[in-house]
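Visitor: After the structure tokens below, expect a handful of questions from me.
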Amino acid sequence: MGLSIPSNEEEGFKYFFRVSIPSKYFVSVEKQVAIALRTLASGDSQVLVGAAFGVGQSTVSQVTWRFIEALEECSKHHLKWPDSNRMEEIKSKFEELLGLPNYCGALDATHIIMSLPTVQTSDDWCDQENNYSTFLQGIVDHEMRFLDIVTGWPGGMTVSRLLKCSRFFRLCEAGECLNGNTRTLSEGVGIREFIVGGLHILLFIG
């Protein structure tokens, strides 16, 4: 059953914006979060999401962008490369688990499937499985907590190319990540800080 959108200008304005001339429609924080999560998770149109929550399309759009901006701001405080003290703890735990000194994290990447309109199809976004997708690359510590995430790159890229395009790689090249002390083994061999990727990622960063 389709939605019935008013043809009357005034009623149409109220439907989409949920605002009348003399008053403003209030949406609680809890409801705003629910609207944003529904919009991002379902893939439904903003009109459909708005109808489900009793708000207009414009409200859905504004609420969703505010939610995304809030997440981006929060990520600066919660998702960041560990300081030297925290990194020493991570390396110590990895060494206990795996016997590898100066091991700082595990890296992998996956594809997130997308639906693209026919007019927007592009080989750049077509992965090896012939799906349109975007990449998600993550680095985790011994507790499977994310230390770094990068996403938004075309699924047609190689994983090694994705790594080299990431901010993490640039920070490593600039000496701002994986820059801790070298560990010297009993054989006299020095091991710098490093992370481990899958077999498809030959990683010599450190």
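So that you can map any letter, position 91 of the sequence shown is 90 in numbering that gives the first Met the number 0, and since no number is skipped, the others follow by simple counting. Idealized CB from N, CA, C, for every residue including glycine.
1. So, for G155: in the same chain, excluding its five sequence neighbours on each side, which residues have a beta-carbon less than 7 Å away from its beta-carbon?
2. Closer than 8 Å by C-beta to G98: which residues in its own chain qualify, once you throw out the five before and the five after it? Chain order, please.
3. Going by the beta-carbon positions, is the gap between A108 and V158 smaller than 7 Å?
4. Can you tell which of A105, D82, K30 has the C-alpha that lies nearest to the C-alpha of I138?
5. By DSSP's criteria, V195 is part of a beta bridge. Which residues make up the other side?
6. Decide yes or no for the touch test of the stretch 88-97 against the stretch 55-69: beta carbon pairs closer than 8 Å, at least 3 of them.
7. Going by the DSSP bridge assignment, what does Q136 pair with across the sheet?
8. Which of helix, strand or coil does DSSP assign to C125?
9. Return the CA-CA distance between P21 and C73, expressed in angstroms with no decimal places.
Guide: Based on what the coordinates show:
1. Contacts found: D122, D123, W124, C125, D126.
2. Scanning its chain for C-beta atoms nearer than 8 Å, with the 5 sequence neighbours on each side dropped, one finds no residue around G98.
3. Cβ atoms of A108 and V158: closer than 7 Å.
4. Minimum Cα distance to I138 is reached at A105.
5. According to DSSP, which records beta bridges pairwise, V195 is partnered with A105.
6. Contact between the stretch 88-97 and the stretch 55-69 is absent, because fewer than three Cβ pairs lie under 8 Å.
7. According to DSSP, Q136 bridges with A108, V149.
8. In the structure shown, C125 sits in a strand (DSSP, three-state: E or B).
9. Low local confidence applies: a pLDDT of 44 at P21 is under 50, so the model's placement there is unreliable, and no value is given.
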